[in-house]
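See structure below.
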Amino acid sequence: MTAVATQPEEQSVASGRLTGRERLAALAQRRGSIVVLALVVLIASFSFDSFFTVGNAQNVAIQSSFLAIVALGMTFVIISGGIDLSVGSVYALGGVLAAYGIQWGSLVGLLLPLVVCGAIGLLNGMLVAYGRLAPFIVTLATLLGARGLLLAITDEGSTTRLMARDDWLTRLGQGTFLGLGLPVWITLVLFAIGVLVLQRTRFGHATLAIGGSREAATLMGLPAARNTMIVYLTSGLLAGLAGALAAAYSASGVTIVGEGLELDAIAAVVIGGTLLTGGAGTVGGTLAGVLLLRVIQNVINQIGTLSSYYQSVVSGAFLAVVVAVQAYLSRAYLRGGRR
Amino acid sequence: MKERSPSGLTSAEAARGRSGRREDGESATERSERSTLLRDNGVYAAIVVLLVYNFGFTENFATLANLNTQLVQVAPVLIVALGMALVIGTEGVDLSVGSVMAIAAAILPLYLGYGLVPAIGLALVAGLLCGAVNGTLVAVVGIQPIVATLALLVGGRGLALVLADGQLKDIRNQELLDLGAGKALGIPYVVLIAAVLAVLVFLLVRYTTFGRQLVAVGGNRSASALAGLPVRRVLMTTYLLSGVLAAIAGVVATARLTASDPSAIGNLFELSAITAVVVGGTPLSGGRVRILGTVAGALLMQLITATLIKHNLPDSTAQIVQAAIIVLAVYLQRSRSGGGS
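Protein sequences, first through last, are from chains G and F.
Every letter in the first sequence is one number past the one before it in the numbering used here, and letter 194, counting from 1, is 214.
Every letter in the second sequence is one number past the one before it in the numbering used here, and letter 203, counting from 1, is 324.
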């Protein structure tokens, strides 16, 4: 399953047993989100004059970037067979810590969220990997804990710290390069690294193997526990970084952001074709999933007459449809006698 | 297990008997039996300790008014947690409960003009429909519960806001207000509703065929299917129950707030409910439902929050303490579920 989902061509040559229907199923699983994204963009471009403009594209890109960074970490967590519900809180905490730390200099403003959020990710990872606790409940607890920490350093959420406009950390969030915001470039670089790590490194292959079957991976001698821990550590780090960048972008450590962000991130990952059961997934699909969510949001805003509440209705319905199709496809897959 | 099968009861009893004559060398089995005891009864012990502490050292705690306030506050969480316990018993989880509450709350003011009963009836029907959506995705389509119900969590809140036009609406219907604030024999209606529902669900799990089937399906789905149990119907019924209980909680919360606030009602209730269930000793790995434990879990979390607030500790501390308690509760359950996801 693992190998099939990542390298179907090679597999099909090796086994020579993939029927056309199965190949289609595998392709739809992996590339479906990109096709749907292209369709939505195409239809929106014809329907709304203001959609296919440079300004709007820049807008969608910057809005997608923060979620994308969080979803990148989530992709690895889900591929490893886990889930990280704490990212929304950690994201908010990262932003607040950046605005809090900047009083001691820009470097502290950048490092403080990374260190603290990394520590929360490490705690998640240790409890999941070595404590063998259910990821779902561990990260639920850190969701609460991180939110508590956030309240503690903002006088129970009543203080919003501002970041100086001329600080380089703030410019990291607000600056642009070749017309795109710096966070967008950072996101692209991180995703490029993510693709390489998942497809070309021992760590990436081990993560896929662990998600496929942890027992088998352990029996094969893979360092399953250490690998799992690093996955959660990365997720915490990326959520903290995304929060810090978002704070820099808005030049303030807003305390009320990030609620429900974990759900958006999970939705983006799943829509992107990563199996929630772990063991299969792509980093590129996640990027398409994030863009799809944000483009839908953008389209609903463009329609204007539609209340913005429809956005979550559409996202929810979309998620349900995608997972239903996924379930159907993977069953068509299993009927083909492979597992 | 105490509520489910006789074998669990005897093992707990055996552990209790043996701990009386513990020898100097502590074997691994004895240690695990001790942790079983702690896991099964720790929540009750914690409640007793906190109650004793509060009765002794907290001012204005041991008053009827305060106890009533605490019980009224915990009632909606408790009602949701009852459904959640059933779902978790099937090795699932229902993340949509908070949004279902919001949908029920949003429907109420739309139909209160036709009277209280039709309005509440429609709210409950909406809860059933939500449960049917979850149940279909999980039982028929075969999607993992966590992501199936996630879809409704995301979409349901939006739907509630669309229904209510994003507005907070004051409730002026006197009957509904009475439901939220009234009392019978000195006990608030809200608490009575929660108590009756808890008893009903307890009886359902313990004495009905459905209850036994639910635990069997949660314990081993494929074995249950091979044994000829109606797995799909059991799963569907479970999610329907969770949906309708969440809708009831939404109605209760609205009546108590005297307003329908679709953006706030039920927010993060899925987390509180899961916490109550897990702290109450129901393992996330399914196959076991402890309703009394769930009630105790909800009460314990409320007691902890109340204790911290009464001692002027901030919200942030309360959340961090809750987080630690969740981890501790799951850690204690670890030996049974065998770890892992």
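All residues carry an ideal CB built from backbone N, CA and C; glycine is no exception.
All of these numbers come straight from a predicted model, not from anything done at the bench.
- In the DSSP assignment, the residues bridged to F:K304 are F:P309.
- By the Cβ-count criterion, F:D382 is buried, with 16 or more other Cβ atoms from all chains shown falling within 10 Å of its own Cβ.
- Distance between G:R152 and G:W124, taken at the CA atoms: about 39 Å.
- Excluding the 5 residues flanking it on each side, F:V208 has same chain C-beta neighbours closer than 8 Å at V214, D215, P266, T359, Y360 and S363, in chain order.
- Residues of the stretch 422 to 443 of chain F with a Cβ closer than 9 Å to any Cβ of chain G, in chain order: P435, D436, S437, T438, A439, Q440, I441, V442 and Q443.
- Under DSSP, G:S272 takes part in a beta bridge, and its partners are G:L182.
- If only uninterrupted beta strand (DSSP E) runs of at least 3 residues are considered, none is enclosed by the stretch 174 to 233 of chain G.
- If you check each beta-carbon in the stretch 269 to 280 of chain F against every beta-carbon of chain G, the ones closer than 9 Å belong to A269, L271, A272, L273, L274, V275, G276, G277, R278, G279 and L280.
- With distances taken between CA atoms, G:L202 lies nearest to G:A266 out of G:G177, G:A266 and G:I250.
- The contact set of G:F156 on chain F, defined by CB atoms closer than 9 Å, consists of V214, I267, I395, L405 and S462 in chain order.
- Against F:V283, the close residues of chain G are S327, Y329, Y330 and V333, in the order they occur along the chain (beta-carbon pairs closer than 7 Å).
- Using a CB distance cut-off of 7 Å, G:V209 does not count as an interface residue toward chain F.
- Per DSSP, the beta-bridge partners of F:S381 are F:K290.
- Of all residues in the stretch 156 to 173 of chain G, only F156, I157, V158, L160, A161, T162, L163, L164, G165, R167, G168, L169, L170, L171 and A172 place a beta-carbon less than 8 Å from a beta-carbon of chain F.
- Contacts with chain G (Cβ-Cβ distance below 7 Å) from the stretch 239 to 262 of chain F involve L258 and V262, listed in chain order.
- Under the Cβ distance rule, G:V290 counts among the residues neighbouring chain F, one pair being separated by less than 7 Å.
- Per DSSP, the continuous alpha helix (DSSP H) segment holding G:E282 begins and ends at L281 to I291.
- In the structure shown, F:Q265 adopts coil according to DSSP, grouped into three states.
- Contact between G:G145 and G:I276 does not hold, since the beta-carbon distance rounds to 27 Å and is not under 8 Å.
- By the C-beta criterion, the stretch 277 to 295 of chain G is judged to be in contact with the stretch 104 to 113 of chain G, since at least 3 inter-stretch pairs fall below 8 Å.
- Per DSSP, the unbroken alpha helix (DSSP H) holding F:P197 starts and ends at L185 to G210.
- By the C-beta density criterion, F:D161 is buried, having at least 16 other C-beta atoms within 10 angstroms.
- Judged by beta-carbon spacing, G:V334 lies beyond the 7 Å limit of G:S84, meaning their Cβ atoms are not closer than that value.
- At a cut-off of 7 Å between beta-carbon atoms, G:L339 makes contact with chain F.
- For F:V198, no CB of chain G lies under 7 Å from its own CB, so it is not counted at the interface with that chain.
- Taking C-beta atoms as the reference points, G:A244 and G:L57 fail to come closer than 7 Å.
- Pairing F:G340 with F:L350, the inter-Cα distance amounts to about 13 Å.
- Within 10 angstroms of the beta-carbon of F:E212 lie 16 or more other beta-carbons, which makes it buried.
- The Cβ of F:I224 sits no closer than 7 Å to any Cβ of chain G.
- For the pair G:L131 and G:G260, the Cα-to-Cα distance works out to about 10 Å.
- Per the coordinates, the alpha-carbon of F:G248 lies some 12 Å from the alpha-carbon of F:L273.
- Residues of chain G whose Cβ lies closer than 9 Å to the Cβ of F:L392 are, in chain order, L105, L160, L163 and L164.
- For G:S255 and F:F176, the gap between their C-alpha atoms comes out near 44 Å.
- Around the beta-carbon of F:S343, fewer than 16 other beta-carbon atoms lie within 10 Å, marking it exposed.
- Taking a Cβ-Cβ threshold of 7 Å, the residues of chain G close to F:I264 are V343, A344 and A347, in chain order.
- Along the length of the stretch 363 to 413 of chain F, whole alpha helix (DSSP H) runs at least 4 residues long occupy 390 to 400, reported in chain order.
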